[in-house]
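Reviewing the structure listed below.
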Amino acid sequence: MTFIKNLAVSLLVLTSIESVFSQNNLETVVAKNGDGILSILRNEGIDIAKYYEQFLELNEAKLSNGSRLAIGETYVIPHAPDSFKNRGVLVQIGNGGERPIFDEELATLRRKDSSLINTVYYLIEHDGVGTRAQSAPKDGIAVNMARRLLQSGARVYLLASEAKDSLGLIDYVGEINKKYLKHNGDYQRLVVMNVDEVNPKTKTDVMVYHYAESEESKRFAANILKVFGGNVVKQGSLEDYSKVFTDFKSIAFAKNILPPITFINMGSEPADDQKTMKVTANRENIANLITNGILSDYSNTEFEEN
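Everything in the sequence shown is counted per this note's numbering, starting at -9 for the first residue and increasing by one.
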């Protein structure tokens, strides 16, 4: 009995320590003029309805009239794993750094629906020099895609690397596979986009590739193709536009990566025997087309599983 009693006390102490440790590691924010609980939660990308009460509990001693903030006071932010800040992450390969894809514009993001709950997307955008995601440009294709995916409940990892080689993809394998295993059981897909020499004032050649040994990869590419093709292919079969990547680096990458993958090449001159689709090169337009293809693939996968 003494052993059981001591064990119970030890567990209680450990639980208390863990609770205090967790609370002490929560993020904080200093209230500015005009701030209220709603605006603070919104600026953090947090679901207001879900976490409002928790904010009140965490900051009860610092609130006047039950909910009024004091300018200059520090307030604790609830831990929200489903916030836009936590579900949209920019991963810098090489130094292990991670930060939110969206920061200052978190307040402008709104959950539109939950159609992509339990989905995870990995986005890599090359421009021929490196990965544009290093600076997360607001007009980038991957960033525009991430915004739409997050607003439908998805989890998004935007990946960047210090590698200057536009096909230096092997650097990504370890990080992507680690996260894939972390989210095991979720629907997960990887999109690699080469946007070299894309001119937003003209139309650009688009080619979509898949990995020959993966049926999921082939279907993923096919659903993206259907969306592009529905806008630009007037005659002939979409099969004519479906391509298998054959270069050694891409195949090696595909063999070692866990999520199904599709490559989308834009801007580069195609070979004489390759059919390409001409698409308006506005980055938002391309991002919408790819995202619509992603939504189509997930919808079809869900239908097949049911």
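Backbone N, C-alpha and C fix where the C-beta goes; we use that ideal spot for every residue, glycine too.
* To do: Take I247 as the anchor and find which of L148, E47, I166 has the nearest alpha-carbon.
  => I166
* Return yes when the Cβ of N134 is within less than 9 Å of the Cβ of V196, no when it is not. => no
* Going by the beta-carbon positions, is the gap between K75 and Y65 smaller than 9 Å? -> no
* Buried versus exposed call for I36 [16 or more other C-beta atoms within 10 Å across all chains shown] -> buried
* To do: Give me whichever residues DSSP pairs with P249 in a beta bridge.
  => BP columns for P249 are empty, so no partner.
* Tell whether a beta-carbon distance below 9 Å holds between F210 and L140. => no
* **Alpha carbon of Y177 to alpha carbon of V185, nearest angstrom** => 26 Å
* By a C-beta neighbour count over all protein chains shown, 10 Å radius and 16 as the cutoff for buried, is F218 buried or exposed? -> buried
* Starting from N184, follow the beta strand (DSSP E) in both directions and report where the run begins and ends. => 177 to 184
* Asked: Between which two residues does the alpha helix (DSSP H) containing V163 stretch?
  -> 163 to 172
* Asked: Since E88 is in the beta strand (DSSP E), which residue starts that stretch and which ends it?
  -> 87 to 90
* Asked: I280: buried (16+ other C-beta within 10 angstroms of its C-beta) or exposed?
  -> buried
* To do: Identify which residue in I67, V188, N174, H69 has its Cα closest to the Cα of H116.
  => V188
* In chain order, what residues of the same chain have a beta carbon less than 6 Å from the beta carbon of I276, not counting five sequence neighbours either side? -> I131
* Contact set for Q82: own chain, Cβ-Cβ below 6 Å, skip 5 residues either direction -> A150
* Asked: Shortest alpha-carbon distance to I160 belongs to which of S289, V182, M267?
  -> V182
* Through-space distance from E63 to K268, alpha-carbon basis -> 55 Å
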